[in-house]
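Colleague:
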Amino acid sequence: MKPLIICLQIGILFIFSYIGTVIQNFFHLIIPGSIIGLILLFLCLCLKVVPVQLIDQGAGFLLSILTLLFVPMTVGIMKYPFLLSWKGLLLFAAVLISTILTIGISGLSSQFFEKSGAKRKEAQKCNKRYTHSS
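Numbering (my numbering) for the sequence shown: -3 to 130.
(1) Please tell me whether residue 54 and residue 5 are closer than 8 Å, where the distance is taken between their beta carbons.
(2) How many Å lie between residue 64 and residue 122 at the Cα?
(3) Does the beta-carbon of residue 13 have 16 or more other beta-carbons within 10 angstroms, so that it is buried, or is it exposed?
(4) Return the first residue and the last residue of the alpha helix (DSSP H) that residue 0 is part of.
(5) Using DSSP with H/G/I as helix, E/B as strand and the rest coil, what is residue 109?
(6) Using the Cα positions of residue 41 and residue 11, report the straight-line distance between them to the nearest angstrom.
Shown next, in the form of C-alpha coordinates:
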(Lines of atoms letter the chains of each structure in order from A and count residues from 1; the text may use other names and numbers.)
(Lines give C-alpha, C1' and ligand atoms only; values in the text may rest on other atoms or scores of the structure.)
Protein backbone atom coordinates (compact mmCIF):
# COMPACT_ATOMS: atom_id res chain seq x y z
CA MET A 1 0.00 0.00 0.00
CA LYS A 2 2.85 2.38 0.83
CA PRO A 3 4.40 2.22 -2.69
CA LEU A 4 1.02 3.15 -4.16
CA ILE A 5 0.70 6.13 -1.82
CA ILE A 6 4.21 7.27 -2.71
CA CYS A 7 3.44 6.98 -6.45
CA LEU A 8 0.23 8.98 -6.05
CA GLN A 9 2.01 11.68 -4.05
CA ILE A 10 4.78 11.91 -6.64
CA GLY A 11 2.00 12.24 -9.21
CA ILE A 12 0.60 15.21 -7.28
CA LEU A 13 4.04 16.82 -7.28
CA PHE A 14 4.29 16.17 -11.02
CA ILE A 15 0.89 17.81 -11.56
CA PHE A 16 2.16 20.99 -9.88
CA SER A 17 5.25 20.90 -12.10
CA TYR A 18 3.08 20.40 -15.19
CA ILE A 19 0.77 23.28 -14.23
CA GLY A 20 3.84 25.47 -13.83
CA THR A 21 5.07 24.45 -17.28
CA VAL A 22 1.66 25.24 -18.80
CA ILE A 23 1.67 28.67 -17.13
CA GLN A 24 5.23 29.32 -18.34
CA ASN A 25 4.37 28.38 -21.93
CA PHE A 26 1.07 30.29 -21.94
CA PHE A 27 2.56 33.55 -20.64
CA HIS A 28 5.99 33.07 -22.31
CA LEU A 29 7.81 33.58 -19.02
CA ILE A 30 11.57 33.38 -18.55
CA ILE A 31 11.24 31.43 -15.29
CA PRO A 32 11.22 27.63 -15.83
CA GLY A 33 7.87 25.93 -15.45
CA SER A 34 9.15 23.59 -12.76
CA ILE A 35 10.09 26.59 -10.60
CA ILE A 36 6.65 28.12 -11.14
CA GLY A 37 5.16 24.78 -10.10
CA LEU A 38 7.28 24.76 -6.93
CA ILE A 39 6.12 28.29 -6.11
CA LEU A 40 2.49 27.23 -6.64
CA LEU A 41 3.02 24.20 -4.40
CA PHE A 42 4.63 26.40 -1.74
CA LEU A 43 1.71 28.85 -1.85
CA CYS A 44 -0.83 26.02 -1.65
CA LEU A 45 0.99 24.55 1.34
CA CYS A 46 1.23 27.93 3.10
CA LEU A 47 -2.44 28.72 2.49
CA LYS A 48 -3.34 25.18 3.60
CA VAL A 49 -5.07 24.47 0.28
CA VAL A 50 -2.94 21.34 0.03
CA PRO A 51 -2.26 19.54 3.32
CA VAL A 52 1.33 18.46 3.90
CA GLN A 53 0.18 14.87 4.45
CA LEU A 54 -0.89 14.78 0.79
CA ILE A 55 2.74 14.95 -0.42
CA ASP A 56 5.03 14.17 2.52
CA GLN A 57 5.86 10.52 1.76
CA GLY A 58 6.34 11.13 -1.96
CA ALA A 59 8.55 14.14 -1.32
CA GLY A 60 10.53 12.19 1.26
CA PHE A 61 11.10 9.39 -1.22
CA LEU A 62 12.30 11.82 -3.89
CA LEU A 63 14.67 13.43 -1.40
CA SER A 64 16.06 10.02 -0.47
CA ILE A 65 17.04 9.29 -4.10
CA LEU A 66 18.00 12.87 -5.02
CA THR A 67 21.68 12.10 -5.60
CA LEU A 68 20.73 9.30 -7.98
CA LEU A 69 18.78 11.79 -10.08
CA PHE A 70 21.98 13.78 -10.76
CA VAL A 71 23.84 10.82 -12.31
CA PRO A 72 22.51 11.30 -15.89
CA MET A 73 23.46 14.97 -15.82
CA THR A 74 26.98 14.16 -14.66
CA VAL A 75 27.40 11.49 -17.34
CA GLY A 76 26.11 13.96 -19.93
CA ILE A 77 28.75 16.49 -18.92
CA MET A 78 31.45 13.83 -19.24
CA LYS A 79 30.49 13.35 -22.89
CA TYR A 80 31.55 16.94 -23.64
CA PRO A 81 35.02 17.41 -22.11
CA PHE A 82 35.68 20.55 -24.17
CA LEU A 83 33.08 22.37 -22.08
CA LEU A 84 35.01 21.59 -18.93
CA SER A 85 38.44 22.25 -20.37
CA TRP A 86 37.55 25.59 -21.94
CA LYS A 87 35.67 27.24 -19.11
CA GLY A 88 35.91 24.51 -16.52
CA LEU A 89 37.39 26.69 -13.78
CA LEU A 90 34.69 29.31 -14.23
CA LEU A 91 32.00 26.63 -14.20
CA PHE A 92 33.50 25.03 -11.10
CA ALA A 93 33.60 28.40 -9.32
CA ALA A 94 29.97 29.12 -10.21
CA VAL A 95 28.85 25.71 -8.96
CA LEU A 96 30.89 26.04 -5.77
CA ILE A 97 29.59 29.54 -4.98
CA SER A 98 25.98 28.63 -5.73
CA THR A 99 26.26 25.50 -3.59
CA ILE A 100 27.67 27.44 -0.64
CA LEU A 101 24.97 30.10 -1.00
CA THR A 102 22.24 27.48 -1.24
CA ILE A 103 23.45 25.64 1.85
CA GLY A 104 23.82 28.88 3.79
CA ILE A 105 20.44 30.30 2.83
CA SER A 106 18.73 26.96 3.46
CA GLY A 107 20.31 26.71 6.90
CA LEU A 108 19.41 30.27 7.85
CA SER A 109 15.84 29.96 6.64
CA SER A 110 15.31 26.64 8.44
CA GLN A 111 16.69 28.16 11.66
CA PHE A 112 14.39 31.15 11.25
CA PHE A 113 11.31 28.99 10.71
CA GLU A 114 12.28 26.69 13.58
CA LYS A 115 12.66 29.64 15.97
CA SER A 116 9.42 31.27 14.85
CA GLY A 117 7.59 27.95 15.28
CA ALA A 118 9.04 27.52 18.77
CA LYS A 119 8.01 31.07 19.71
CA ARG A 120 4.49 30.42 18.43
CA LYS A 121 4.21 27.21 20.46
CA GLU A 122 5.49 28.99 23.57
CA ALA A 123 2.97 31.79 23.09
CA GLN A 124 0.17 29.23 22.77
CA LYS A 125 1.28 27.53 25.99
CA CYS A 126 1.33 30.88 27.79
CA ASN A 127 -2.13 31.73 26.49
CA LYS A 128 -3.49 28.37 27.66
CA ARG A 129 -1.97 28.83 31.13
CA TYR A 130 -3.32 32.36 31.38
CA THR A 131 -6.86 31.40 30.33
CA HIS A 132 -6.95 28.35 32.64
CA SER A 133 -5.67 30.27 35.68
CA SER A 134 -8.27 33.05 35.34
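Glycine residues also receive a C-beta, built at the ideal position from the N, C-alpha and C atoms.
Modeller: Taking the definition as stated:
(1) Going by C-beta atoms, residue 54 is nearer than 8 Å to residue 5.
(2) Rounded to whole angstroms, the separation of the alpha carbons of residue 122 and residue 64 is 46 Å.
(3) So residue 13 ends up on the buried side.
(4) First-last of the alpha helix (DSSP H) with residue 0: -2 to 23.
(5) Here residue 109 sits in helix by DSSP.
(6) Answer to the nearest angstrom: the Cα atoms are 15 Å apart.
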